[in-house]
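Below you'll find the structure, written out as structure tokens, and then a few comments.
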Amino acid sequence: MSDRLGGALARKPLHFIFVLDVSGSMMRGGRIQALNNAISEVLPHLKDEARANPHAEMLIRVLAFANEPRWVIEEPTPVDQIHWERLEAVPRGFTELGSALVTLTDALSHLDEGTSAYPPAIILVSDGRPTQSSGTTFAEGLQALLNNRWGATAVRLALGVGRDADMHSLRRFIGDEDVPLLRADNPEQLVEYIVWASKAASKVASRPVVGGGGGLTAVPPSPIGDPIWSTLG
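Residue 1 is where the sequence shown starts when you use my numbering, and the numbers rise one by one after that.
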């Protein structure tokens with residue numbers, strides 16, 4: 001009997017986590033508004049992906065970071081129950097990405113080691129260079145993530161916003177030279193790229209692929225619009 005008919009087969013959890021920069025620089029050029037629009041835009045696409053995959057239960061979490069990490073959606077929540085509340089950037093806020101990755105790792109550590117869940121899908125969006133006012137460096141946070149079973153096997157994608165985004169750090173977060181690393185230079189690109197990354201990550205994570213973003217062969221969209229964030233700094 002087809003598993004689509006009775007739905008008798010258990011759906012394995014697919015944890016989908018957005019890690020979003022809300023530092024002070026995200027206030028420039030409408031970046032935080034564009035990020036909110038992008039997340040609002042991507043949720044219907046993720047709902048479609050969830051409906052199209054009868055084997056996976058997509059569970060969403062959102063972690064924002066500036067001077068410190070803050071869970072916006074802490075409990076793994078089915079995507080069809082998400083009601084997005086717009087984020088605000090933190091005036092003069094730093095980019096404490098290292099601390100955010102430690103917080104993320106702690107959350108992943110609470111996943112059942114024996115579960116048959118799919119690898120998590122993690123999408124990082126940032127427009128700056130990681131700071132370390134909290135005492136935790138980006139390198140330390142990344143190492144903590146990679147030392148975690150779920151962090152190491154996660155599908156990790158990253159998106160830079162504007163010309164000041166530290167693309168080197170974002171590439172290190174991805175950890176796979178074959179996985180596209182994108183930079184959005186206007187609001188339209190930010191929406192397009194987050195939608196692309198989310199759909200690509202959910203497809204790859206729900207396949208039996210081991211490690212990083214292996215198997216991610218989707219072609220990202222071509223840049224559109226004027227690169228306004230490449231000149232705003």
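Heads up, the beta-carbon is just placed ideally off N, CA and C, and yes, glycines get one too.
{"Query": "Whole-angstrom C-beta distance between residue 144 and residue 101, which should lie under 8 angstroms", "Result": "6 angstroms"}
{"Query": "Counterpart residues of residue 77 in DSSP-defined beta bridges", "Result": "60"}
{"Query": "Integer Cβ distance of residue 197 from residue 123, believed to fall under 8 angstroms", "Result": "5 angstroms"}
{"Query": "Helix, strand or coil at residue 138 [DSSP, three-state]", "Result": "helix"}
{"Query": "Span of the alpha helix (DSSP H) around residue 48", "Result": "31-52"}
{"Query": "CB contact flag (residue 227, residue 186, <8 angstroms)", "Result": "yes"}
{"Query": "Contained alpha helix (DSSP H) runs [length at least 4] in the stretch 177-205, N- to C-terminal order", "Result": "187-205"}
{"Query": "Residues near residue 45 in its chain [Cβ-Cβ closer than 8 angstroms; skip 5 each side]", "Result": "195, 198 and 199"}
{"Query": "Residue 99 versus residue 135 - alpha carbon distance", "Result": "8 angstroms"}
{"Query": "Nearest candidate by alpha-carbon position, reference residue 71, set 63, 78 and 117", "Result": "63"}
{"Query": "DSSP state of residue 145 mapped onto helix, strand, coil", "Result": "helix"}
{"Query": "The beta strand (DSSP E) enclosing residue 161, as first and last residue numbers", "Result": "155-161"}
{"Query": "Helix, strand or coil at residue 229 [DSSP, three-state]", "Result": "helix"}
{"Query": "Helix, strand or coil at residue 94 according to DSSP, with G and I counted as helix", "Result": "coil"}
{"Query": "Test item: CB-CB of residue 125 and residue 20 under 8 angstroms", "Result": "yes"}
{"Query": "Classification of residue 40 by the beta-carbon crowding that lies within 10 angstroms, buried from 16 upward", "Result": "exposed"}
{"Query": "For residue 70: DSSP bridge partner residues", "Result": "64"}
{"Query": "Buried or exposed (CB count within 10 angstroms, at least 16 for buried), residue 78", "Result": "exposed"}
{"Query": "Check whether residue 17 and residue 87 have beta carbons under 8 angstroms apart", "Result": "no"}
{"Query": "C-alpha gap between residue 97 and residue 10, whole angstroms", "Result": "35 angstroms"}
{"Query": "Three-state secondary structure assigned by DSSP to residue 224", "Result": "coil"}
{"Query": "DSSP beta-bridge partners of residue 13", "Result": "57"}
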